[in-house]
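In this note's numbering, the protein residues as written are 54 to 173.
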């Protein structure tokens with residue numbers, strides 16, 4: 054699956070459903086972003102069951118602000134509508150694959166339970 058361009062118009066729809074969505078916050082002027090792009094693209098080809106989204110922080114400044122993105126690239130993992138990981142910095146391919154494995158292995162009932170406990 055090719056990467057999906059995420060905008061303020063489609064972000065909630067794409068990330069709010071069940072399943073895993075990875076989000077790459079990037080900008081055209083960002084050297085590390087450009088070096089990370091082929092790694093992200095290769096991973097999107099390997100994992101057809103995951104949505105790989107990209108947010109151009111220049112064009113989508115509202116999304117960058119909403120998620121307090123201060124450094125790019127920032128990778129965010131969302132599973133079943135819950136942000137389970139967010140970290141700035143380009144990941145090497147092995148680290149990106151490891152992140153995907155960890156997100157796939159999450160017990161989402163446990164994650165929801167911990168979130169509910171944290172809110173009280």
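Glycine residues also receive a C-beta, built at the ideal position from the N, C-alpha and C atoms.
Asked	Found
Using 8 Å as the threshold, is the region 61-73 in touch with the region 126-141, meaning 3 or more CB pairs across them?	yes
Answer with buried or exposed for residue 166, where buried requires no fewer than 16 other C-beta atoms within 10 angstroms of its C-beta.	exposed
Hey, out of 56, 139, 77 and 125, whose CA is closest to residue 102's CA?	56
Spell out the partners DSSP gives residue 127 in its beta bridges.	78 and 141
By Cβ distance below 7 Å, which residues in the same chain neighbour residue 110 in space, the five residues on each side in sequence not counted?	78, 79, 80, 117, 122 and 125
Can you tell me which of the three DSSP states residue 122 falls into?	coil
Please give me, in chain order, every unbroken run of the beta strand (DSSP E) with length at least 3 that falls completely inside the region 84-112.	104-109
Buried or exposed for residue 107, please, with buried defined as at least 16 other CB atoms from any protein chain shown within 10 angstroms of its CB.	buried
Check the C-beta distance from residue 113 over to residue 60 and give it rounded, since I have them as a contact under 8 Å.	6 Å
Just mark residue 158 as buried or exposed, buried being the case when its beta carbon has 16 or more other beta carbons within 10 Å.	exposed
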